[in-house]
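Have a look at the structure below, then the notes.
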Amino acid sequence: MKYLNEPIDLIEDNPKIYLGMGIYDIYIIGGWYIELGKFEVLLKNTDKNTEVIPKKVALKVQDFYKNKRVKKVLSFVVDKGGEYRVQFKNKNSLILKKHGFPLGYFFGKRIDVREIKIFIDRN
């Protein structure tokens, strides 16, 4: 089971995480230029069979996490705490590049999906 603020690999199959009631944000680790495309994250409560679908945030905050670039991209509310399985859909449509500057995203190298991680933070 993963803990809050612990990085989760996109290639992991349905990792589990415990979430209490509250508002949470999902950050993508590795770069500041992000195109989500059809990429989605789905959280399923293992006990109650309920689903939480995070929504895209309007203001994508850039920050650093353990000396790596991160960007807040999704947010969600958990009404009932418990153990959740995290599912990633359409991973290959996600485009992540290190730099967010105009020259960086034109000439920057796309980060491989196998190297991309996310973390979930309580708001």
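If you want my numbering, it's the 1-based position in the sequence shown plus 178.
Don't be surprised by glycine CBs; every beta carbon is placed ideally from N, CA and C.
Worksheet item: For I296 versus L197, is the C-beta distance shorter than 8 Å?
Response: no
Item to complete: Please report the residue range of the beta strand (DSSP E) in which N223 lies.
Response: 218-223
Practice prompt. Following the continuous beta strand (DSSP E) through R288, name the residue where it begins and the one where it ends.
Written response: Careful: R288 lies outside any beta strand (DSSP E) and carries neither H nor E.
Worksheet item: Which first and last residues belong to the beta strand (DSSP E) in which I298 is found?
Response: 295-300
Practice prompt. Counting only the same chain and skipping the five closest in sequence on each side, list residues whose C-beta sits under 6 Å from that of D203.
Written response: Same-chain partners within the cutoff: K250, S253, D299, N301.
Practice prompt. Work out the CA separation of K216 and V256 for me, nearest whole Å.
Written response: V256 and K216: Cα-Cα distance of roughly 23 Å.
Practice prompt. Identify every run of the beta strand (DSSP E) within the region 205-256, keeping only runs that are complete inside it and at least 3 residues long; order them along the chain.
Written response: 211-213, 218-223, 240-243, 246-256
Discussion item. Count Cβ pairs between the region 213-233 and the region 259-269 that sit closer than 8 Å; are there 3 or more?
Written reply: yes
Worksheet item: What first and last residue would you give for the beta strand (DSSP E) that runs through K180?
Response: Segment: none, K180 is in no beta strand (DSSP E) and carries neither H nor E.
Worksheet entry | When D290, I206, F279 are compared against K246, the one with the closest alpha-carbon | Selected option, being the one with the closest Cα: I206.
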